[in-house]
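Here is the structure we will look at, set down as C-alpha cells.
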Amino acid sequence: MGNIGYERNTNHIIELKGIYELSKAKHFYNNVIKRGFDLISALILLVLLLPLMIIISILVKADSPGPIFYRGNRAGRYSSEFYIFKFRTMVEHAEKLGGGTTALNDSRITKTGAFLRKSKLDEIPQLLNIIKGDMSFIGPRPELTKYTSNYQGDEQMILAVRPGITDISSMEFISLDEIVGPYNADEAYEKLVLKRKNLLRIKYVQTQSILLDLKLFFFTCFSVLGKIISLVFKIKREKRHGIY
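As C-alpha cells, this is what we get:
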C-alpha cells in the first residue's frame, strides 16, 4: 500500500506525488466497468429527468434572485479540484452570510430550497459531474479542499477513487443538519462528523465491489424516494391546516 504526498503550487492546485495503490482489479473496475455504467446511466437519466429539471429551474428562479445552479469547489480524485453542481437552495451570496456547513433551520435556505434539500432533488445536476468524469454515482462524497488538504495516513486513500453522489457515509449522515444543529455548524461538523465520515469513506474504498455499489445505489434510490413521498404528504397535511 503506497502513500500519497502533496505539495501546493503557486496556483494553489494540489499536486499528487504518489498514488495509493489500488489493486489491478479495482483499477479496471473503477476505470472501465464502473465508468461505463456511470456514463451510460447518467446520460439516460439526464434525458428522462430533463422535464423535472426545467420545472425545478423555474421554481428556483421564481423563488429568489440569483443563478439557478450552485457551483462549489471540491476535491476530486487524486485531489484534482472541480466544481460540483447543484440546484441553488440558498439566497444569493450565501457563502458570505455563513459557513460552508448548512445549519439546522439555516436562514439562508429559500422556501423552494428547503424542499429540494430535504428531497435530495438539489443533487440532480451532479449527473453533469458524472458525465464529465468528475464524479461517480457511488463513491465518497466530495469534500471541501480545506479538509482534504489535511488528510493523513489512511484518509489519503479516499482520494484514490472518484467521489460520488452517495456512499456509506452519506447514508449514515443523510440528515446532516440535524446532527450539526443550529449554531456553529462548521465547528460541529469538524468535531462530530468529519472523522466518522472519513472512517466510513475509508471502509468504502477498502471494501469496494460491484455488489456493494449496487446495494448502495438501490438503497439510496429507495431512501430518496421514501423521503420525497413523506415530504409530499407532509406538505399536503400542512396546506390543509394552513401552515405551509
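Under the numbering used here, think of the first position of the sequence shown as 7, with each following residue one higher.
Note that CB positions come from ideal geometry on N, CA and C, so glycine has one too.
Alpha carbon of residue i to alpha carbon of residue j, nearest angstrom
{"i": "LEU110", "j": "ASN190", "result": "10 Å"}
{"i": "PHE223", "j": "PHE143", "result": "7 Å"}
{"i": "LYS32", "j": "THR108", "result": "34 Å"}
{"i": "ILE164", "j": "ARG207", "result": "6 Å"}
{"i": "SER155", "j": "GLY78", "result": "16 Å"}
{"i": "PRO73", "j": "LEU65", "result": "12 Å"}
{"i": "ILE235", "j": "PHE228", "result": "11 Å"}
{"i": "THR95", "j": "ARG123", "result": "7 Å"}
{"i": "ARG147", "j": "GLY82", "result": "9 Å"}
{"i": "ASP219", "j": "LEU205", "result": "17 Å"}
{"i": "SER86", "j": "GLY187", "result": "31 Å"}
{"i": "THR213", "j": "MET141", "result": "19 Å"}
{"i": "TYR153", "j": "LYS92", "result": "20 Å"}
{"i": "GLY159", "j": "SER29", "result": "18 Å"}
{"i": "ALA68", "j": "ILE171", "result": "27 Å"}
{"i": "LYS23", "j": "GLY145", "result": "Confidence in LYS23 is poor, its pLDDT being 42 and thus under 50, which makes the residue's placement unreliable; the coordinate value appears in the next sentence. For LYS23 and GLY145, the distance between alpha carbons rounds to 22 Å."}
{"i": "TYR84", "j": "GLU193", "result": "26 Å"}
{"i": "ILE39", "j": "THR116", "result": "39 Å"}
{"i": "LEU198", "j": "MET177", "result": "16 Å"}
{"i": "SER70", "j": "GLY42", "result": "38 Å"}
{"i": "LYS203", "j": "TYR210", "result": "11 Å"}
{"i": "GLN162", "j": "LEU55", "result": "35 Å"}
Residue burial classification, residue i (beta-carbon count within 10 angstroms, cutoff 16)
{"i": "GLU244", "result": "exposed"}
{"i": "LYS240", "result": "exposed"}
{"i": "GLY36", "result": "For the record, residue 36 in the displayed sequence is Asn; it is not Gly. ASN36 comes out buried."}
{"i": "ARG246", "result": "exposed"}
{"i": "ARG168", "result": "buried"}
{"i": "VAL238", "result": "exposed"}
{"i": "ILE60", "result": "exposed"}
{"i": "LEU231", "result": "exposed"}
{"i": "PHE179", "result": "buried"}
{"i": "LEU182", "result": "buried"}
Of the residues the options, the one placed nearest residue i, counting alpha carbons only
{"i": "LYS233", "options": "LYS126, THR172 and GLY170", "result": "LYS126"}
{"i": "TYR76", "options": "LEU51, VAL53, GLU129 and LEU56", "result": "GLU129"}
{"i": "ASP173", "options": "ALA100, PHE225, PHE43 and LEU182", "result": "PHE225"}
{"i": "ASN135", "options": "LYS203, ASP44 and LYS242", "result": "ASP44"}
{"i": "VAL97", "options": "GLU161, ARG114, GLU196 and TYR89", "result": "ARG114"}
{"i": "ILE62", "options": "TYR195, LEU51 and THR118", "result": "THR118"}
Cβ shell of residue i (< 7 Å), same chain only, five flanking positions each side left out
{"i": "LEU150", "result": "ARG80 and GLY106"}
{"i": "LEU49", "result": "ILE137"}
{"i": "PRO131", "result": "PHE75, PHE91, LYS92 and PHE93"}
6 Å Cβ shell around residue i - same chain, five flanking residues per side excluded
{"i": "VAL53", "result": "none"}
Residues near residue i by beta carbon distance below 8 Å, same chain, minus five either side
{"i": "PHE121", "result": "LEU127, LEU237 and ILE241"}
Chain B within 8 Å of residue i, Cβ atoms only
{"i": "GLY145", "result": "Within the model displayed, chain B is absent; a lone protein chain is all it includes."}
Inside the segment 113-144 only - beta strand (DSSP E) runs reaching at least 3 residues: 142-144
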